[in-house]
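Structure, as structure tokens:
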Amino acid sequence: MTKRVVIGFLGTQLDAGPERAERWSKWRPSVSICQHEELLIDRFELLYEQKFERMMRMVVADIEAVSPETRVVPRLIDTGDPWDFERVYAALLDFAQAYPFEPDAEEYLVHITTGTHVAQICLFLLTESRHLPGKLIQTSPPRRRGQHNVPGEYAVIDLDLSRYDRIAQRFAREQREGLSSLKSGIDTRNSAFNALVEQIEHVAAHSAAPVLLTGPTGAGKSQMARRIFELKKRRHQLAGPFIEVNCATLRGDTAMSTLFGHKRGAFTGATADRPGLLRAANGGLLFLDEIGELGVDEQAMLLRALEERRFLPVGSDREVESSFQLIAGTNRDLSERVRDGHFREDLLARINLWTFRMPALIDRREDIEPNVRFELDRFAESAGSLVAFSREAHHHFMKFAMSNEAAWSGNFRDLNAAITRMATLASGGRITQKNVDDEIERLRAAWRPVMPTNAADAIVTEALGPDRAADLDPFDRVQLAEVLRVCQHSRSLAEAGRELFAVSRQRRRSVNDADRVRKYLLKFGLSGDGITR
Numbered sequence: 038m039t040k041r042v043v044i045g046f047l048g049t050q051l052d053a054g055p056e057r058a059e060r061w062s063k064w065r066p067s068v069s070i071c072q073h074e075e076l077l078i079d080r081f082e083l084l085y086e087q088k089f090e091r092m093m094r095m096v097v098a099d100i101e102a103v104s105p106e107t108r109v110v111p112r113l114i115d116t117g118d119p120w121d122f123e124r125v126y127a128a129l130l131d132f133a134q135a136y137p138f139e140p141d142a143e144e145y146l147v148h149i150t151t152g153t154h155v156a157q158i159c160l161f162l163l164t165e166s167r168h169l170p171g172k173l174i175q176t177s178p179p180r181r182r183g184q185h186n187v188p189g190e191y192a193v194i195d196l197d198l199s200r201y202d203r204i205a206q207r208f209a210r211e212q213r214e215g216l217s218s219l220k221s222g223i224d225t226r227n228s229a230f231n232a233l234v235e236q237i238e239h240v241a242a243h244s245a246a247p248v249l250l251t252g253p254t255g256a257g258k259s260q261m262a263r264r265i266f267e268l269k270k271r272r273h274q275l276a277g278p279f280i281e282v283n284c285a286t287l288r289g290d291t292a293m294s295t296l297f298g299h300k301r302g303a304f305t306g307a308t309a310d311r312p313g314l315l316r317a318a319n320g321g322l323l324f325l326d327e328i329g330e331l332g333v334d335e336q337a338m339l340l341r342a343l344e345e346r347r348f349l350p351v352g353s354d355r356e357v358e359s360s361f362q363l364i365a366g367t368n369r370d371l372s373e374r375v376r377d378g379h380f381r382e383d384l385l386a387r388i389n390l391w392t393f394r395m396p397a398l399i400d401r402r403e404d405i406e407p408n409v410r411f412e413l414d415r416f417a418e419s420a421g422s423l424v425a426f427s428r429e430a431h432h433h434f435m436k437f438a439m440s441n442e443a444a445w446s447g448n449f450r451d452l453n454a455a456i457t458r459m460a461t462l463a464s465g466g467r468i469t470q471k472n473v474d475d476e477i478e479r480l481r482a483a484w485r486p487v488m489p490t491n492a493a494d495a496i497v498t499e500a501l502g503p504d505r506a507a508d509l510d511p512f513d514r515v516q517l518a519e520v521l522r523v524c525q526h527s528r529s530l531a532e533a534g535r536e537l538f539a540v541s542r543q544r545r546r547s548v549n550d551a552d553r554v555r556k557y558l559l560k561f562g563l564s565g566d567g568i569t570r
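Heads up: the sequence shown runs through residues 38 to 570, numbered per the working numbering.
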């Protein structure tokens, strides 16, 4: 049979009593826990300090008197100061790591009624972390006063939360709410993006280390940083403000002052003390967007501020302190910036612990429709009026928005601007097909690359050679240059064809975009092999 083992401190107050028969009229938890008929204790690991050895011997004798089947094993624990959390925890951790636990043969109950509050907290933490592989047991005196030699009551607490459906459901609901807030409540469908958000939510809940958000401009890095802050604020992990700065706007002498502050008179124009953004972020979150644009001197100061929480304002001889969490954003390859000598390798190592790449909008086209609804809701909130698509207009816009023709080079900024323009121009709160047609033409024009004449000449000359390129009419040269440009930026001829024939392919019953591109290139003696990336 499985043996039952209790681990608990000698209660220097609760277990104390006169060394006469009168002590049996008092409820003493270490003795009473062994008096329950339905809770047979095979072994009691009684933790005590040297100065209470006499009391320990009396309690051991009393336990053996009320429960002969219980073997009491006194364990000397040297905690020094019983209110010193670090020493008490270290002593109990040493005990737990050295103890020969046998979970398959023994059941362990950790008694948290006795000992100082510090000891009880340490026992709880060690049980929760499974260093003490058991359950907690809490004992209490009889409800009616005056009852003598009555064991009182006890409650066993299993810290395995998976056993508690209501608690598990509550944690699951809290996590879902956290994920929803990181996505601004948008019901995103892209599985890779949803998995990314789950990782970000977990890291936000369990780490205060710097976070690096990468990805193209307009992919939502600043919005994600703010939502991480709001999530941590709601969970009481941050008490300070959200401070955001675009490092690309920091130039010259003002960069150091803006970030780290300055003393009055530090330079011309410094007419008053300035605390700086790092001090303003104390206790909160600092978002440094486009951190790759930060100057090398500012990078060195930032590194010290991250490692030591201290830095020197401009013109001051006294350091100041600020404790904040950092989120950095960039659309650059910082490793390449390191190789070029523009970014400190040690700073990159410091901020690169948690790196999350925000995907471009074209990489999650299935999320365009829910984001369109979100942008319409945002417009309604700011403008104070509801706007909706007609059915035909919605179908027409979504067909274009999710096609390969839609570049979305500005990512969500382009989408936000498109919805804002159509909603503003909509008469009677209804976006019509005419509104959509006008917006599509506007987007096409914005995304249409204008290739300089010399660039067109260069790409055609490289493909055909100077003599054959010189024989082309300017009309053919410009057209061929655009086809070659699209091919070089596409993964295949089929992908290039989908972009080049985005309109006409919609009118065909069957399409073979790769074949159409290949035939066009053959007119100029080009096979198409090796042209795509």
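Quick reminder that beta carbons are idealized off the backbone N, C-alpha and C, glycines included.
Query, Result
"Between the CA atoms of residue 233 and residue 225 - distance to the nearest angstrom", "12 Å"
"Residue 230 versus residue 414 - alpha carbon distance", "22 Å"
"Completely contained alpha helix (DSSP H) runs for the segment 248-304, where each covers 4 or more residues", "258-271, 290-297"
"Bridge partner(s) assigned by DSSP for residue 323", "280, 363"
"The segment 393-410 contacting the segment 275-288, beta-carbon criterion three pairs below 8 Å", "no"
"Contact with chain C by residue 345, beta-carbon distance below 8 Å", "Within the model displayed, chain C is absent; a lone protein chain is all it includes."
"Residue from 153, 86, 142 whose Cα sits closest to the Cα of residue 170", "142"
"Paired residues, beta bridge with residue 176 - DSSP", "191"
"Within 8 Å, strictly: CB atoms of residue 108 and residue 80", "yes"
"Sequence-distant residues of the same chain with beta carbon closer than 6 Å to residue 434, five excluded per side", "473"
"Proximity below 8 Å, CB of residue 359 to CB of residue 337", "no"
"Test item: CB-CB of residue 220 and residue 193 under 8 Å", "no"
"Cβ-based burial, residue 75 [other Cβ within 10 Å; buried from 16]", "exposed"
"N-terminal and C-terminal residue of the alpha helix (DSSP H) that residue 46 is part of", "Element bounds for residue 46: not the alpha helix (DSSP H) but the beta strand (DSSP E), 40-46."
"Continuous beta strand (DSSP E) stretch holding residue 391: start and end", "391-394"
"Residue environment, residue 299, which counts as buried when at least 16 other CB atoms sit within 10 Å", "buried"
"Residue 41 and residue 144 closer than 8 Å at C-beta", "yes"
"Counterpart residues of residue 144 in DSSP-defined beta bridges", "41"
"As assigned by DSSP and simplified to three states, the class of residue 468", "strand"
"7 Å CB neighbourhood of residue 460 in its chain, flanking five on each side removed", "413, 416, 424, 468"
"Neighbour-count burial assignment, residue 494, 16 or more Cβ in a 10 Å radius", "buried"
"Residue range of the unbroken beta strand (DSSP E) whose run includes residue 111", "108-113"
"Reference residue 314, options 305, 446, 335, closest by Cα", "335"
"Between the CA atoms of residue 339 and residue 349 - distance to the nearest angstrom", "11 Å"
"DSSP three-state assignment for residue 557, whether helix, strand or coil", "helix"
"Sequence-distant residues of the same chain with beta carbon closer than 6 Å to residue 533, five excluded per side", "523, 524, 527, 554"
"Alpha-carbon spacing of residue 538 relative to residue 327, whole angstroms", "36 Å"
"Helix, strand or coil at residue 331 according to DSSP, with G and I counted as helix", "coil"
"Residues bridged to residue 505 [DSSP beta-bridge criterion]", "In DSSP, residue 505 forms no bridge with anything."
"C-beta contact flag for residue 248 and residue 391 at 8 Å", "yes"
"Residue 408, buried or exposed, once every other Cβ within 10 Å from all chains shown has been counted against 16", "buried"
"Rounded straight-line distance, which links the Cα of residue 492 to that of residue 214", "51 Å"
"Test item: CB-CB of residue 316 and residue 309 under 8 Å", "no"
"Beta bridge counterpart(s) of residue 449 as assigned by DSSP", "Beta-bridge pairing links residue 449 to no other residue."
"Close beta carbons around residue 178, own chain, < 7 Å, minus the five adjacent residues each side", "64, 189"
"Where residue 559 falls, given that 16 or more other Cβ within 10 Å makes a residue buried", "exposed"
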